[in-house]
Amino acid sequence: MNRKYFLVAALIVTSSQFFFSHEATAGPTQAPEASKDEMNVSVFDVPLLKPAYITTSPTPRKDGLTTGSLGGSLGNPAKIKQLAQEIANEKHGKFDSLLIMHQGKLVFESYYNRGRINLPHPQASASKAYTALAVGRAIQLGYLSKDDLHKPLIKFLHHLEPSKLVAGAEKITLHQALTMRSGIRIPDAAWDEYQNNAEQFKGQQQVQHFLQISAPITAE
């Protein structure tokens, strides 16, 4: 796992301290990395990062990303640094990381709280937002219509086996899925079993599994 997975920010800040790597002498001089032990536990069990790490000149790593420095045509770097300080002070909610890619280069990198440069981070509602943007763009380009939002979700997923899905799964619309009103309810025991074997489910296999282990989906 590398920084490509942190380019959209998320997150959770509890530290009010921050560090600009080329502007100060106190604080960490390298981006924080999770230990082997921390890689094997839930992200919520990773120790809090204190102080936060913030740099306007990310260090090159062997991760396929070209790095640069904050400035140039990006706008007002001072505003971005101010935002980073405000995030560290928890003025905008809780964040774990914020990275900025500009003109093909990583020019800003920061980690707070449980953010680590090599630690996968659950995206949750962020993934919903990306999907909604993609659907909106597909409608704009004519690949989908607004009417498609109210059609069954499984109509768009051609690799599912409908005969194995729970009752009611066929009625979930694309719009309901995008607005977190799918009605899917997974029992705790089934969820625990899934988490222990999550690597087995990729792409539509994961959707198939969720729609098989959910309780029956009703209008309520």
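The letter at position 190 of the sequence shown is residue 182 when you use the working numbering, and the numbering goes up by one with no holes. Even glycine gets a Cβ: it sits at the ideal position worked out from N, Cα and C.
Quick check on this structure: which residue in the options has the alpha carbon closest to the alpha carbon of residue i?
| i | options | result |
| --- | --- | --- |
| V199 | L141, Y104, L152 | L152 |
| A70 | L133, S119, E212, T47 | T47 |
| A207 | Q192, W183, N188 | W183 |
| Q168 | A211, F202, A130, Y186 | A211 |
| A80 | L157, K42, G195, P114 | K42 |
| G63 | A76, S49, L133, H201 | S49 |
| P114 | S89, I209, E78 | S89 |
| T21 | I178, Y45, A130, Y186 | Y45 |
| H150 | V158, E162, K73 | E162 |
| I178 | N188, Q197, P112, H201 | H201 |
| Q196 | A181, M172, P154, D139 | P154 |
| A116 | A130, M172, K138 | M172 |
Quick one: using the 10 Å Cβ neighbour count with 16 as the cut-off for buried, is residue i buried or exposed?
| i | result |
| --- | --- |
| A18 | Its pLDDT being 41, under 50, A18 is placed unreliably in this model, and the coordinates cannot settle the point. |
| G107 | buried |
| S65 | exposed |
| S119 | exposed |
| A231 | One cannot answer for residue 231 here, as it falls past the ends of the chain, which runs -7 to 212. |
| S174 | buried |
| A76 | buried |
Distance check for residue j and residue i, CA to CA, integer angstroms please.
| i | j | result |
| --- | --- | --- |
| Y104 | K83 | 13 Å |
| K54 | G96 | 16 Å |
| P39 | G60 | 29 Å |
| A124 | E101 | 26 Å |
| H142 | Q132 | 17 Å |
| I92 | V35 | 22 Å |
| A190 | K147 | 24 Å |
| F193 | Y186 | 9 Å |
| Q74 | A23 | 19 Å |
| N68 | T51 | 21 Å |
| I72 | E78 | 10 Å |
| A181 | K86 | 30 Å |
| A121 | N32 | 28 Å |
| S27 | N188 | 21 Å |
| D139 | A130 | 13 Å |
| H94 | G128 | 24 Å |
| G134 | D37 | 44 Å |
Residue i and residue j look like a contact to me (Cβ under 8 Å); what is the Cβ gap, rounded to whole Å?
| i | j | result |
| --- | --- | --- |
| I109 | E25 | 5 Å |
| T165 | L145 | 6 Å |
| L111 | L57 | That belief does not hold up - the Cβ atoms of L111 and L57 are roughly 16 Å apart, past 8 Å. |
| L157 | L203 | 5 Å |
| G160 | I209 | 3 Å |
Based on DSSP bridge pairs, tell me the residues matched to residue i.
| i | result |
| --- | --- |
| L98 | T59, M93 |
| L41 | N105 |
| T48 | Beta-bridge pairing links T48 to no other residue. |
| T165 | P144 |
I'd like to know if residue i contacts chain D, where contact means its C-beta is closer than 8 Å to some C-beta of that chain.
| i | result |
| --- | --- |
| P50 | This model lacks chain D altogether, as it is built from one protein chain only. |
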